[in-house]
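Undergrad: The structure that follows is given in the form of structure tokens.
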Amino acid sequence: MESFKFQFKKKTQIYSSCFNGEEVLLLKPQTYMNRSGEAVESFFQDYQCQPSDLIVIYDDSDLPAMDLRLKMGGSAGGHHGLESVQNSLGSLNQKFYRIRIGIGRSSQISLADYVLSPFEEGDLEKLKLVLNKVFRCVELILSGKMNQAMNDYHRKGEN
155 MESFKFQFKK
165 KTQIYSSCFN
175 GEEVLLLKPQ
185 TYMNRSGEAV
195 ESFFQDYQCQ
205 PSDLIVIYDD
215 SDLPAMDLRL
225 KMGGSAGGHH
235 GLESVQNSLG
245 SLNQKFYRIR
255 IGIGRSSQIS
265 LADYVLSPFE
275 EGDLEKLKLV
285 LNKVFRCVEL
295 ILSGKMNQAM
305 NDYHRKGEN
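Residues in the sequence shown are numbered from 155 upward in steps of one, following the numbering used here.
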């Protein structure tokens, strides 16, 4: 992908780039995570997108840290941000791509405190590696190669 251009619109940072001659937009909601759907809904109204055009990338405390999982459709699995996105699309059955990034879970502090705590030493280097994999997954999905992305990055313990 080429370098990103930036704009701010309706509670959302929007970065645009090109991939295989098509514009690709990255949305970063500026709402609380549990209200991410507000940004998605506004964007969909302005750009006339379909749910199948959407790739949601989010953290998942039920996955081991830095593991990746990919799928199309499904439930929110208790993730309130994803639930908000589903609700904004008008149906819980809307199919869009999901890339889950495992963050693990600490039994010593509450989940809210855990997800809001700073990264531990060494985690940022691991995160860079995982984000490179996420970037590659997005490229494969945009190229119509979801099965290859799942085969390459969806294997337990190999991420």
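By construction, the Cβ of each residue, glycine as well, lies at the ideal position given by its N, Cα and C atoms. Because the structure is a prediction, the values reported are computed rather than measured.
1. Could you say which of Cys203, Gly276, Glu279 and Ile255 lies nearest to Val269 if we only look at CA atoms?
2. Which residues mark the beginning and the end of the alpha helix (DSSP H) in which Tyr268 is found?
3. Evaluate Met155 with the Cβ neighbour count: other Cβ atoms within 10 Å of its Cβ, from every protein chain shown; 16 or more gives buried, anything less gives exposed.
4. Using the beta-carbon count (16 or more within 10 Å), is Gln240 buried or exposed?
5. Give me the Cα-Cα distance between Gln202 and Glu274, rounded to the nearest whole angstrom.
6. Provide the residue(s) that pair with Gly256 in DSSP beta bridges, ordered along the chain.
7. To the nearest angstrom, how far is it from the Cα of Asn313 to the Cα of Glu279?
8. Give the secondary structure of Cys203 by DSSP, where H, G and I count as helix, E and B as strand, and everything else as coil.
TA: According to the structure data:
1. Ile255
2. Leu265 to Leu270
3. Note that Met155 scores 48 on pLDDT, short of 50, meaning its location in the model is unreliable and no value can be drawn from it.
4. buried
5. 41 Å
6. Asp214
7. Because the pLDDT of Asn313 is 46, which lies under 50, any placement of that residue in the model is unreliable, and the number read from its coordinates should be weighed accordingly. Answer to the nearest angstrom: the Cα atoms are 14 Å apart.
8. coil
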